[in-house]
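Chains as they are written, first to last, in the working numbering: chain A, -5 to 122; chain B, 18 to 500; chain C, 93 to 540.
Working notes, structure below.
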Amino acid sequence: MKKYTKEHEWVEIKGREAVIGITAYAAKELGDITFVEVHPEGTDVIVGDVIGTIESVKAASDVYSPISGTISATNTELEEEPAIVNNSPEEKGWVCKLDNIDLVELEELMTKEQYDKFLKESASSSKK
Amino acid sequence: MELIYSKGKSGRRGSSLPKLDVPDANSIPSSLRRKKAAQMPEVSELEAVRHFTLLSRKNMGVDSNFYPLGSCTMKYNPKVNEKIAAMPGFADLHPLLPQLRRGGALTQGALAVIYETERMLSELLGFSQTTMQPLAGAHGELTGVMLIAAYHKAHGDTKRKIMLIPDAAHGTNPASAAMAGFDTVTIPSDPDGNVDLDALKKELNENVAGIMLTCPNTLGMFDKNVKEICELIHKAGALAYCDGANFNAIIGRLRPGDIGFDVMHVNLHKTFSTPHGAGGPGSGPVGVCEKLVPYLPVSCVAKRSDGTYALEYHHKESIGYIAPFYGNFGIILRAYAYLLTLGKEGLVRVSENAVLNANYIRAKLIPYYDQQHPGYCMHECVFSATRQSEKGVHALDIAKALIDRGIHPPTIYFPLIVKEALMIEPTETESIEDINKFIQVMIDIAKLADENPEAIKQCPLTTPIKRLDETQAARKLDLASLE
Amino acid sequence: MPYIPNTDADRKEMLEAIECKSIDELWQKAQIRTPPPALENIPAGMSEYEVTRHLNSLASQNATHLVNFVGSGYYDHLIPAAVGTMVGRSEFYTAYTPYQPEASQGTLQAIYEYQSAICRLTSMPMSNASLYDGGTALFEAIMMAVRITNRRQAVISGAVSPIFREMIRCYSSNLDIELIVVPVKSSKTDSSQGALVDAVTDKTACVLVQYPNVFGTVEEWSDTVEKIHAKGAIAVCSVYPIALAMLKTPGEMGFDIVTGEGQSLGIPLSFGGPYLGFMAVKEKLVRKMPGRIVGRTVDLDGKPGFVLTLQAREQHIRRENAMSNICSNESLCALTALAYLTCIGKEGLLQVANLCAAKANFARDLLLQIKGIEPVGEKAFFNEFVIKLPGDSSEIVGNMIDKGFAAGFPLGRYYSDRKNQLLVAVTEKRTREEIKAFANAMEAVLWS
């Protein structure tokens, strides 16, 4: 199951863990990503907490946790190779994993179809 | 160009030093000595001078190029001021002398400079007193909001933790507020680019400490509601801070203290002609109304009844020491000379001509560039490269095309609320001939953007380097040449 | 009108172009509708000659003729004449912050070379482009440590400059940061390293020390730094850069953040500024460092070039979450430091340090031969030392001024238990004769 937030994060449930990353749209908006920083393993977070920061040349964007839990793993490959987030934002470019999660929280989030619709709507409203 | 460290050779030097005329002995044990001498350059004096001269030629400066960098007020830096700052009676003066017994008498000339500059600034800003201590504009902002914090604290108003900041503000404003312990709340702009009054009213409550307002605003416009905003803020028990980065627009014509602001900073390296130095040193004096005077940083220069000057250190409610001594004295000195040279009638002409020049450029470029916020501007005009970007030519490309044409680009992509912003500030020190040349170049670029956009996206071509790989710079950090 | 080229005819032409009849109408249209202020306290303008004469007269009222033995963090060093020429190129000083790299390679390369010089002096891998001064740099180091450790307490040695400590106290007052000062006994001049380590708890973000410390004393810090690290805190050292030409470096001793006042690197005393704050850090901390940073990269053709980098840390991008609010820094002072180090050179810098240390040693020996003057504290010092006088040192300094000497800094001003102590600094500018005359004058002031 994969869900999306209005802040352009995605969360995918794999077994007892939630994998979190930023969407392809967010990665494109940020431009060439130069640095990814994530809170250390063992950090407890609740929905909406900042779990990390992604920097590009001209921007810095906080990553908010779509779900509550404990950070169980971070994507260490991004330390050396932050460009992975640009090249594969929703697969190899995952940011961190959480355990101790409660799946009920996912009900609030958007499905892929809802997120795509949300993107379309916000694009047309910003043009006005 | 080679680094200075790759030039010269072992054993070469560019300086001569006095001979050792005392026994060659000291108390540092060998265990506390560095093992290898620091690898500083080993070049002759000529090699040193030539290296710097060649480097300098890879720069654009006000002395060599038209430099309409918006919000930065790149006016001419008078040369006499540099000579004055180098006078040994000022340059060689140790800052601790006044702290020695009877030391006050040793630095009367320097104290007079600080005091007299302070008095003139207070008069121009419409405030009771001004501290000359802040070391830059952002440092002035921090000082100003710390004064606001001190004021509320002294009144037992400890709940006031919120600083209101318009969305058009410079990034230093929220950063300064955060450094003074405030939480920031962003106030949106209305379609004219002014503070949205309804949105402001909604945020006003007993937790608000103040507002930081750039006046004239970052669009180069005077918000006609400023007076009302100050009144609303005061009614809510908060204080109004004026970011005076744009003071060049109103100097001699309008005093922020008169229209309701409680505290403001000005940049001596903008309005008062001191050099920007490629990123400082600056100076950001802060003027305050009467009720904030007790909290000003120490030390303060006071004039005694016998006409002598003295430093005061013991102000009970002062926020304390924001600078090691008395501010960036060398910069204050240059500003003092500028104020004396221009005098009252000259200072009035500064804002008149700065505003006239900016409006002239605005009028001439309207047919060629879009404006998100049309109307008469103050000392700078903001255009939007939206028309050009439909052809793939962005503000950045226009900037680079200007560099190829010998003009330093305007400020781009600021304020953030304007798409593809091009912020042009000619200042009063440019002649109509040079302004006309700039206008013509901007028109040529607009035409080229329409006819041959690719030609602009290649720019710059005449510079020592082409566009740089900034992504690599941030990913593979190379910040120093180590030994 | 000086500096304003528009003639009346120009103004008329421009007003027509913008459809205004007068400047007054322009003000109206630009929303300025209040009457102009009277500005009664602004005098009439003066000619260049008059301004120069007036300022010459003010300059002559400053006692720069005194033979100077005052240091306390701000030193009277020689400045090679070429430094002024090099930095006086107006392409440097009339430029803005190098946001447009293609039009600023001169400044950018110079700052990269400056960063390199700071790294080489301190033996640290990364430096920023400058901060305001030594005091603000030390405060920024605390904020950095707070961000890194998520702890909110700073342990500060009492042997850190009281000027810096006052500034830190001022800046911290609204920030929920606890400052713990570890005092130094008045009979001593070392930094009480044991007590410093004892003061570190699991709440401590960093420990701040000075090297040489404010009393001029030079100490080995390696073991203490290890102990600070073992407790999870960051070790911060404020240094005197000229001393580093000779001394074991803070990098070698394991410090995480090195800051300092760079005035001694060719920048005139100029009554308190502009000066130069510098900061160098370990590699893994660089993204938490405040201030501008220049990096080397390549252009579209693969040619090396320089650019401001890691800007995503800064206020114009991260606003209230920025590492600092700093915008304009002390770029030209950083350039001055580079020009100084380039002219003085590798050999010269070591020679300056040796001259300072030897002359200070000579001065201290002479002063200690005077009846009633006693040594205070540790033996190892660089170019500044503490002596105890047989009376209130501030009074004695006042009397020395009449003899033509700024005899040192009376420590009683900042340390109430050191009223008789004097902090004396000697630089390469002081000659053997001046030092002997100084000792003679001191003897006369004390005993005749």
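Glycine included, C-beta positions come from ideal geometry on N, C-alpha and C.
- request: Per DSSP, which residues does LYS219(B) bridge with? Please list them.
  value: Per DSSP, none; premise fails for LYS219(B).
field: chain A residues whose Cβ lies nearer than 8 Å to that of ILE409(C)
entry: LYS52, ALA53, ALA54
Residues near LEU86(B) by beta carbon distance below 7 Å, same chain, minus five either side: HIS425, PRO427, THR428, GLU442
- request: Starting from the beta carbon of THR28(A), find every residue of chain B whose beta carbon is closer than 8 Å, and list them in chain order.
  value: THR488, ALA491, ARG492
message: Taking the alpha carbon of LYS92(B) as the reference point, which residue from LEU118(C), ALA187(C), ARG181(C) has its own alpha carbon closest?
response: ALA187(C)
field: Range of the contiguous beta strand (DSSP E) that encloses LYS100(B)
entry: Segment 96 to 102 is the alpha helix (DSSP H) holding LYS100(B); no beta strand (DSSP E) there.
query: Beta-carbon of PRO83(A) versus every beta-carbon of chain B: anything under 8 Å?
result: no
query: Do the region 252 to 260 of chain C and the region 220 to 235 of chain C meet, that is, are 3 or more Cβ pairs less than 8 Å apart?
result: yes
- request: Using a cut-off of 7 Å between C-beta atoms, extract the partners of GLU49(A) located in chain C.
  value: ALA404
message: Let's see if you can read the secondary structure: which residues bound the beta strand (DSSP E) around ARG388(C)?
response: 386 to 390
- request: Name the two residues that bound the continuous beta strand (DSSP E) containing VAL202(B).
  value: 200 to 204
field: chain B contact residues for ASP67(C), given Cβ-Cβ distances below 9 Å
entry: Not covered by the structure: residue 67(C). The range shown for chain C is 93 to 540.
message: The beta strand (DSSP E) that contains PHE347(C), what's its start and end?
response: Neither: PHE347(C) is in no beta strand (DSSP E) and is coded neither H nor E.
message: For a test of the three-state rule: what should DSSP assign to LYS121(A), helix, strand or coil?
response: Residue confidence for LYS121(A) is low, a pLDDT of 44 falling below 50, so the modelled location carries little weight; the figure read from the coordinates is stated next. Three-state DSSP puts LYS121(A) in a helix.
- request: Kindly indicate which residue of ASP41(B), GLU19(B), GLU64(B), ASN76(B) has the alpha-carbon position closest to the one of ASP421(B).
  value: ASN76(B)
- prompt: When the Cβ atoms of the region 425 to 445 of chain C are set against those of the region 493 to 508 of chain C, are three or more pairs found closer than 8 Å?
  reply: no
query: Quick one: Cα of LYS218(B) to Cα of MET(-5)(A), how far?
result: 44 Å
DSSP-derived helix/strand/coil call for PHE278(B): coil
message: What does the alpha-carbon distance come out to for the pair ALA449(C) and ASN43(B)?
response: 6 Å
Backbone CA spacing between TYR326(B) and LEU114(B) [nearest angstrom]: 14 Å
- request: Decide if PRO360(C) is buried, meaning its Cβ has at least 16 other Cβ atoms within 10 Å, or exposed.
  value: buried
- prompt: Start and end of the beta strand (DSSP E) containing MET459(B)?
  reply: First-last for MET459(B): 449 to 468, but that is the alpha helix (DSSP H), not the beta strand (DSSP E).
- request: Indicate whether ALA291(C) and VAL247(C) have their beta-carbon atoms separated by less than 8 Å.
  value: yes
query: How would you write the range of the beta strand (DSSP E) that GLY369(C) sits in, first residue to last?
result: 369 to 373
query: Does DSSP classify ILE383(B) as helix, strand or coil?
result: coil
query: Three-state secondary structure (DSSP) at CYS306(B)?
result: coil
message: I'd like the list of long-range same chain contacts for LYS122(A), defined as Cβ closer than 6 Å, with 5 residues on each side in sequence excluded.
response: The predicted position of LYS122(A) is uncertain, since its pLDDT is 39 and thus under 50; no value can be drawn from it.
C-alpha gap between SER448(B) and LYS113(C), whole angstroms: 20 Å
- prompt: From which residue to which residue does the alpha helix (DSSP H) around MET492(C) run?
  reply: 485 to 494
message: For ASP41(B), count the other beta carbons within 10 Å of its own beta carbon; 16 or more makes it buried, fewer makes it exposed. Which is it?
response: exposed
query: For VAL367(B), which residues in chain C fall below 8 Å Cβ to Cβ?
result: ILE96
field: C-alpha gap between TYR330(B) and ARG244(C), whole angstroms
entry: 29 Å
message: If contact is defined by three or more beta carbon pairs under 8 Å, each pair taking one atom from either stretch, is the region 443 to 463 of chain C in contact with the region 515 to 535 of chain C?
response: yes
message: Taking 8 Å as the threshold (C-beta atoms), are PHE161(C) and PRO304(C) in contact?
response: no
- prompt: Does the region 131 to 144 of chain B touch the region 295 to 311 of chain B, meaning 3 or more C-beta pairs lie closer than 8 Å?
  reply: yes
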